[in-house]
Amino acid sequence: MKALIVSYKRGRHLIHPRHAIIKVPGIGEKARAQQLVGTKVVFTTKSGKVISGKITRPHGIKGLMRARFVKGLPGQAIGQEVALSEKAALKRVAKKSEKKAPEPKAKPKKAPASKKKSAPKKK
């Protein structure tokens with residue numbers, strides 16, 4: 002499975018080259034991106050150097066994800082492809098689809114509390 006490096010995690014004054022924002026084609030919503038959290042990511046430079054990382058969390062509501070790499074990514078990595086570990090991704094998606102939400106337990110109704118009228122305060 003392939004993904005595209007869109008940008009680094011960054012703020013107004015600071016860039017974090019170890020944290021990349023990636024986009025996987027076909028994932029367009031936060032719920033589907035959440036299923037890939039924990040999947041291993043591998044970026045290979047043109048010289049053959051391998052930088053590995055993993056998806057840590059979704060980024061926004063449009064299906065982007067944040068990945069944390071062991072070493073910082075070079076600037077040339079933006080716009081390049083990364084490889085996702087398909088086995089881990091498919092297992093994670095399968096496990097989450099098998100799990101069903103637990104049924105809510107019925108809460109016992111409490112008897113209404115009697116309201117006591119307090120005597121007016123004397124001055």
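According to this note's numbering, the stretch in the sequence shown is residues 2 to 124, in order. All C-beta atoms in this analysis are idealised placements derived from N, C-alpha and C, irrespective of residue type, glycine included.
Query                                                                                  : Result
K63 in three-state terms, based on DSSP                                                : coil
Beta-carbon gap between A4 and I23 smaller than 8 Å                                    : yes
Enclosing alpha helix (DSSP H) for R33 [first to last residue]                         : 31-35
Pick from Q36, T45, V43 that is closest to G64, judged by C-alpha positions            : Q36
Run of the beta strand (DSSP E) containing V83, from where it starts to where it stops : 82-85
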